[in-house]
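Beneath this line is the structure, given in structure tokens, with notes to follow.
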């Protein structure tokens, strides 16, 4: 772990005098895993699913009843645990850990069922082509019902009959580009609908998302130039446009610093002398790793400069595939 | 084994597709820069809201029109560009607005759509709209015939299939026959719903709220007059994608999941009879040049370094890489077998991050390397 890197400490110092960007709130904001909803976001391919699951395992290990919600039917959790696809069901994965994959069509159906207690009305609706069409075509409605379901799962008093109560809901959010739009849906609907149940629903969701005591966001980044730029932009729009609390930024997949400067010089010396292929290959691999680790440290320092939320690092895992064991290992370092 | 230049020979459109986070934007930019260096007048179109391409080409902003990349940047990268490189960042919302202006039957309809709150707030977020608008802009620029080659970087969706699916989804949305039946342009909003002809709407009203329906009703009504124009346009865009002058390049990473997705996407391309050009695997951990590797290497290294601890750690590091390299080669082999293609281009995981033209030109040593040269390049990476 490189959490104590001097670059980070330096940036922290510089930031200390800056005013807080988020609105003032009453009482202390709890730590990330003590909240009720944690949204894990970031650009595509940065390891959001892995971080979401590691956070889930960490919370579960502390005895918090935790559920990980997937929203793009990627079924990452079931693959990691070598289970059948979880689908739109709350399935137990480990002690204190459940998973659900939220399909917007199922979420829509459930929403209607909860709204309409009269069977005839429901049947009419589900049989209607207009409803099917409207549900599929209305911009943003799928995102809205998806967030609605996440909120329902997080409620202490579940609307679904015999719904299990969770202490913590972790969302593996869609890749950014769509990510901010996804979280913005409730406000958009609250603005469009001036009255009526959708208005009420959208407002409840909006209030929940921007409540810094209940909801937090963790952004996942990679130690490369462009992901760092995008993370900074994402934090800004989450904070300024959505108003959600960004509690943490994870720099994921950071290479270890295996060799000192002096060691690198010695390896350089032997990498040059030609005939012994093995020595050359091994020392060149070390030089290569050292260059990558250096360049990653530069990106880490840049990230520390450009983000406001506390920054943590997660190590690169040198394994062909990341399974339960590797995520378990990350979960012990993640909080 | 072909390089990008061979794959794109005789092509005028190159579409880089793949799931998020595999380096599509960088690859698209590198291909465009490479073709420009080889004498083509090339434009690269990206829709990425994070302005990644702008960063990589040293452009402060791209806007919804093409900008020429300063030839000086090529010179700084040590390349003499024989062609031209242009780049643009596509604004999906602006493109959608242009489409509405073009297809609206009259000014009143146009203004009603552009002023509709649902259109304003959600047109950019509409399912498939980013993808479709990328194709739309591609079509427009292609029709103007100003470039030898257009390179399209597809939107950053999790799933590459979203791109292919976009025209169908957008048409489904715009046509909306079922809704039109109930919303004959006799009156808007309350009148339509209040007539009591439809129990359906009273139910819908209970779960949504009246005003949402009003706005939606108006939105769909306004759009209904443009269906013909949109449908015709979508058809021509689809024809362009299937055109023999077009070419799909599938971009992926070497890990298990991206490879599986790439194989699936390739199958869909073939099924849809779209022209597949090849696959680019980014960030491959290169196989070591050592065919014989054993415990003697550590002893040799101890001898050379005179430091047992350092030698052991260097070997440990090497073994970590070997494991990743072995995985990557397994996945590339699977990819090659399942796609039954010879056009698999591997780009090694470079020591340094690619974020400028110099970096793009370094990538091109691999993207444009044909045959055994590519192998050598990777082996000495």
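Protein chains in written order, with this note's numbering: chain A, 1 to 335; chain B, 1001 to 1381. Backbone N, C-alpha and C fix where the C-beta goes; we use that ideal spot for every residue, glycine too. As the structure is a computational prediction, the values presented were derived from the model and not from experiment.
>> I need the straight-line Cα distance from residue 171/A to residue 1134/B, nearest angstrom please.
In response: 29 Å
> If you draw a straight line from the C-alpha of residue 144/A to the C-alpha of residue 226/A, how long is it?
Replying inline: 30 Å
>> I'd like to confirm the pairing. Which residues does DSSP put opposite residue 92/A in its beta bridges?
In response: 98/A
> Are residue 168/A and residue 250/A closer than 9 Å when you measure CB to CB?
Replying inline: no
> Quick one, which residues of the segment 290-302 of chain A are near chain B if we go by CB-CB under 8 Å, in chain order?
Replying inline: 291, 292, 295, 299
> Of all the options 73/A, 75/A, 42/A, 33/A, which has the alpha carbon lying nearest to the alpha carbon of residue 55/A?
Replying inline: 33/A
> Can you list, in chain order, the residues of its chain whose CB lies under 7 Å from that of residue 1349/B, leaving out five sequence neighbours each side?
Replying inline: 1283, 1284, 1285
> In the structure shown, what three-state DSSP assignment does residue 1068/B receive?
Replying inline: strand
> Does the Cβ of residue 1003/B have 16 or more other Cβ atoms within 10 Å, making it buried, or fewer, making it exposed?
Replying inline: buried
> Helix, strand or coil for residue 1194/B per DSSP?
Replying inline: Confidence is the limiting factor: at residue 1194/B the pLDDT is only 39, short of 50, which leaves the residue's position unreliable, though a coordinate-based value still follows. Helix at residue 1194/B.
> Cβ of residue 114/A within 9 Å of Cβ of residue 151/A?
Replying inline: no
>> To the nearest angstrom, how far is the alpha carbon of residue 174/A from that of residue 1346/B?
In response: 28 Å
> Can you tell which of 287/A, 313/A, 191/A has the C-alpha that lies nearest to the C-alpha of residue 253/A?
Replying inline: 313/A
> Looking at the C-beta of residue 1097/B, does it have a partner C-beta in chain A at a distance below 9 Å?
Replying inline: no
> Can you name the residues of chain B whose CB is closer than 9 Å to the CB of residue 258/A?
Replying inline: 1313, 1314, 1316, 1317
> Are the beta-carbon atoms of residue 1354/B and residue 1026/B separated by less than 9 Å?
Replying inline: yes
> Is the Cβ of residue 159/A closer than 9 Å to any Cβ of chain B?
Replying inline: no
>> So, under 8 Å CB-CB, residue 1298/B and residue 1312/B are touching, yes? Tell me the CB distance rounded to an integer number of Å.
In response: 7 Å
> If you draw a straight line from the C-alpha of residue 1171/B to the C-alpha of residue 1029/B, how long is it?
Replying inline: 30 Å
> Between the segment 1217-1232 of chain B and the segment 1102-1110 of chain B, do at least 3 Cβ pairs fall closer than 8 Å?
Replying inline: yes
> For residue 1166/B, which of helix, strand or coil comes out of DSSP?
Replying inline: helix
> Which residues, in order along the segment 306-334 of chain A, keep a beta-carbon less than 8 Å from a beta-carbon of chain B?
Replying inline: 318, 319, 320, 321
> With DSSP run on the structure shown, which of helix, strand or coil describes residue 1089/B?
Replying inline: strand
> So with Cβ pairs under 9 Å, would you call residue 192/A a contact of chain B?
Replying inline: yes
>> Assuming residue 1130/B and residue 1155/B are in contact, meaning their beta carbons sit under 8 Å apart, how far apart are those beta carbons, in whole angstroms?
In response: 4 Å
> Given that residue 1015/B touches chain A, what residues does it touch there, using C-beta distances under 8 Å?
Replying inline: Chain A residues near residue 1015/B: none, gap ~18 Å exceeds 8 Å.
>> So with CB distances below 9 Å, who are the chain A contacts of residue 1256/B?
In response: 320, 321
> Grouping DSSP H, G and I as helix and E and B as strand, with all else coil, what is residue 1360/B?
Replying inline: helix
> residue 24/A by DSSP, collapsed to three states: which one?
Replying inline: Reliability of the predicted coordinates at residue 24/A is poor, the pLDDT of 39 falling under 50, and the value obtained from them is presented with this limitation in mind. Residue state, collapsed to three classes: coil.
> Quick one, which of 1281/B, 1307/B, 1085/B, 1234/B has its alpha-carbon nearest residue 266/A's?
Replying inline: 1307/B
> For residue 309/A, which residues of its own chain have a beta-carbon under 8 Å away from its beta-carbon, when the five flanking residues on both sides are left out?
Replying inline: 219, 235, 246, 247, 248, 249
>> What does the alpha-carbon distance come out to for the pair residue 1281/B and residue 1335/B?
In response: 10 Å
>> Let me see if you follow: with CB-CB separation under 9 Å, is residue 1117/B close to chain A or not?
In response: yes
>> Run through chain B and tell me which residues come within less than 7 Å of residue 232/A, C-beta to C-beta.
In response: None at all; the shortest Cβ gap to chain B is about 10 Å.
> Can you name, in chain order, every residue of its own chain whose Cβ lies under 6 Å from the Cβ of residue 1317/B, other than the five neighbours on each side?
Replying inline: none
> So, do the segment 75-85 of chain A and the segment 184-199 of chain A have three or more beta carbon pairs nearer to each other than 8 Å?
Replying inline: no
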